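Below is one structure, written out as structure tokens, with a few remarks after it.
Numbering (my numbering), first residue to last: 466 to 854.
Here you go:
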């Protein structure tokens, strides 16, 4: 029986899928699998029993990826499960920025006791007038699961759409509306778009990419939307651009001590994936990923190990071996198995950066001595034995 620890509340539609072979435990130190949303794991001591962590969401900044990789702990996320919820909020953000809906609602609230509010509203509404988004140009930076949905929805609303993503997947390219104009560099987005929305992960090449230099290339009065990560935007530079009017409005889903005080900013309290549907979808995906790995060793949507799927177990059991991505590792593993009298029925080996993962179905010879010898190979992080059910 696998023991699972939930570090955050996880939607029951997901945890109900665990079944009789799983037990939800309150003791982190005995957990073999973890389900997590926002809880930070960076300061936690990872128990030796821990085999996998599944994040019910896309972001993984709260998980120590490299430390997990070196312990042979697979980290999963749930890409695309909350994409529609974020897409809808991006569209709402564009509409809020195009027309001063917030200002109008606040005016009504402030004048709710005025018996002549209806007549007064006809005089005051000009103060909250805005523009329509139809016919305007939207730039989408990052054409992943969310970016593609945003681009397609904007096209359906009558917008012209330009997209930038040098790493777009085959699936993303197929799903993208053919009317979306793909550009090869960001200058095309900056120079031509009335609205710009960013959907890329926070990493060395993207943190702070929306800075004074980038903003300076944008159209005067541009609306910039950030529902991805606050670290992508240099907030001091954005504050200056909002103050000068270079940027008409900054719509962000990440409130902090800086963004909350920005002039002409619409700051939303991180609601992008906060829908019942998104939370359910993320929980279901995370649980399915966790089960597939714990029961069969197959890896889908991992952020620290390669995608690996050997299907159902063929033979008496399966070896899951985590190791450094270095020459002759497969040779050493095969030699060790041969010396132990183990016959290989099926195998695959995949790598991701400096880490690699081997799945090997064996027809005989599963024993503790074999596992010890495999673990003794220089560069092997962890060996799992998965018995056929």
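Quick reminder that beta carbons are idealized off the backbone N, C-alpha and C, glycines included.
These figures come from a predicted structure and were not determined experimentally.
The C-beta distance from residue 469 to residue 487 rounds to 6 Å, short enough to fall under 8 Å.
The continuous alpha helix (DSSP H) containing residue 582 extends over residues 582-589. Secondary structure note for residue 606: its beta strand (DSSP E) is the uninterrupted segment 602-606. With 16 or more neighbouring CB atoms inside 10 Å of its own CB, residue 769 falls in the buried class. Contact holds between the stretch 533-542 and the stretch 509-522, because three or more Cβ pairs, one in each stretch, are under 8 Å apart. In this model, residue 819 and residue 789 are separated by some 6 Å (Cα to Cα). Around the beta carbon of residue 635, fewer than 16 other beta carbons lie within 10 angstroms, which makes this residue exposed. Cβ-Cβ distances below 6 Å link residue 737 to 551, 554, 692 and 718 in the same chain, with the five nearest sequence neighbours on each side left out; the list follows chain order. By the beta-carbon neighbour count (other beta carbons within 10 angstroms, threshold 16), residue 591 is exposed. The three-state reading of DSSP puts residue 832 in coil, since its state is none of H, G, I, E or B. Annotation for residue 704: 727 place their beta carbon closer than 6 Å to its own, counting only its chain and skipping 5 residues before and after. Beta-bridge analysis with DSSP links residue 540 to 518. Contact check for residue 609 against residue 637 passes: the beta carbons are separated by less than 8 Å. The stretch 620-627 makes contact with the stretch 589-605, as at least three CB pairs between them are under 8 Å. Around the beta carbon of residue 746, a 10 Å sphere encloses 16 or more other beta carbons of the protein chains shown; the residue is thus reported as buried.
About 18 Å separates the CB atoms of residue 795 and residue 774; that is not less than 8 Å, and the two are not in contact.
Judged by beta-carbon spacing, residue 688 lies beyond the 8 Å limit of residue 723, meaning their Cβ atoms are not closer than that value. With a 10 Å radius around the Cβ and a threshold of 16 neighbouring Cβ atoms, residue 714 comes out buried. In this structure, the straight-line span from the alpha carbon of residue 835 to that of residue 517 is close to 23 Å. Per DSSP, the unbroken alpha helix (DSSP H) holding residue 709 starts and ends at 700-709. Listed in chain order, the beta strand (DSSP E) elements of length 3 or more contained wholly in the stretch 767-806 are 782-789. The beta carbons of residue 599 and residue 623 sit about 4 Å from each other, so the pair counts as a contact at 8 Å. Residue 478 sits in a helix when the DSSP states are folded into three classes.
The beta carbon of residue 823 sits closer than 6 Å to those of 786 and 814, all from its chain and outside the five residues before and after it, given in chain order. For the set 645, 660, 646 and 631, the Cα lying nearest the Cα of residue 670 is the one of 631. By the Cβ criterion, the stretch 558-575 is not in contact with the stretch 792-810, since fewer than three pairs of Cβ atoms, one from each stretch, lie closer than 8 Å.
Residues of the same chain with a CB within less than 7 Å of the CB of residue 478, apart from the 5 flanking positions on each side, are 745, 748 and 749 in chain order. In this structure, residue 783 sits near residue 851, with a CB-CB distance shorter than 8 Å. Nearest to residue 560 by alpha-carbon distance, out of 697, 593 and 655, is 593. Residue 655 sits in a helix when the DSSP states are folded into three classes.
Secondary structure note for residue 645: it is in no alpha helix (DSSP H), with a DSSP letter that is neither H nor E. Residue environment: residue 699 is assigned as buried (16 or more neighbouring CB atoms within 10 Å of its CB, all protein chains considered).
Remark: C-beta atoms of residue 752 and residue 483 approach each other more closely than 8 Å. Looking at the DSSP output, residue 826 sits in a beta bridge with 783 and 811. Between the alpha carbons of residue 563 and residue 686 lies a distance of about 11 Å. A direct Cα-Cα distance of roughly 30 Å separates residue 549 from residue 762.
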